[in-house]
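In terms of the numbering used here, the sequence shown has 542 at position 121, counting the first letter as 1, and numbering is strictly consecutive.
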Amino acid sequence: MPEQPIHLTSTGPPETIINPHDSDALAALAEATNAPTADQKPLVAEIITQWPSFLDGWAAMGQLAQEPVEAYAYFRVGYHRGLDALRAAGWRGSGYVRWSEETNLGFLRSLLGLHRAAAAIGEIDEEERTGQFLMQLDPSGVPGGE
């Protein structure tokens, strides 16, 4: 594993920033989410087929899901892929992962979606764990108070 710099903060634990994803994937997702509503889910599915580690794509699939169990599954994949991306960026299991960093958003949206989907299906332990994890990663909270 290549050495990644750890960003130290003057106020506490280190901060990890997920490495940027392929700009073609970002452009494809922007196009897909601007497509007619009925076309969005199949287009996003094609994107994550082409870029399976694309966290924003998994988060988008979870947001497009029709049922809570389906959303839970997509968000869980995004969450686990996000943990891999965090480790690749130097994360050592603790420290901040901020909402203010654009490249962290796919992971954080997946984690937030997993938190909400867990609540919707009655997975209380998972709801509590993910809620606590969100606060540990960025104590300033979810933007907009979501």
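Idealized CB from N, CA, C, for every residue including glycine.
Identity of the residues DSSP links to residue i by a beta bridge
i	result
Tyr517	Glu436
Alpha carbon of residue i to alpha carbon of residue j, nearest angstrom
i	j	result
Leu535	Pro560	18 Å
Arg513	Phe496	22 Å
Ile469	Pro435	30 Å
Phe528	Ala456	23 Å
Ala616	Gly433	This structure leaves residue 616 out entirely; the chain is present only between 422 and 567.
Glu523	Ala448	14 Å
Pro423	Leu526	With a pLDDT of only 44 at Pro423, under the threshold of 50, the placement of this residue in the model should not be trusted; the figure read from the coordinates follows. C-alpha separation (whole angstroms): 23 Å.
Ile490	Gln484	Before going on, a small fix: residue 490 reads as Val here, not Ile. Rounded to the nearest angstrom, the two C-alpha atoms are 12 Å apart.
Trp479	Gly499	5 Å
His415	Pro463	Nothing in the structure corresponds to residue 415, since the chain is present only between 422 and 567.
Gly562	Phe554	11 Å
Gln425	Ser444	Unreliable placement is indicated for Gln425, whose pLDDT of 49 sits below 50; the coordinate value is still reported in the next sentence. Each residue's alpha carbon lies about 21 Å from the other.
Arg530	Thr458	20 Å
Glu452	Gly552	31 Å
Candidates the options, of which the one nearest residue i by Cα
i	options	result
Ile438	Tyr517, Phe554, Lys462	Tyr517
Trp520	Pro564, Ala466, Glu452	Pro564
Met556	Ile545, Thr458, Glu544, Leu533	Leu533
Ser474	Arg502, Ala466, Glu549, Met482	Arg502
Ser515	Glu467, Gln461, Leu558, Gly543	Leu558
Reduced DSSP secondary structure (H/G/I, E/B, other) of residue i
i	result
Val568	Since the first and last residues shown for the chain are 422 and 567, residue 568 lies out of range.
Ile469	helix
Phe475	coil
Glu397	Look at the range of the chain in this structure, 422 to 567, and you will see that residue 397 is not part of it.
His501	helix
Gln484	helix
Ala539	helix
Pro489	helix
Ala449	helix
Glu403	With the chain covering only 422 through 567, there is no way to say anything about residue 403.
Gly534	helix
Contact belief for residue i with residue j at Cβ below 8 Å, rounded distance in angstroms
i	j	result
Leu507	Asp477	Not quite, the Cβ-Cβ distance comes to about 15 Å (not below 8 Å), so this is no contact.
Ala539	Glu547	4 Å
Ala510	Asn440	5 Å
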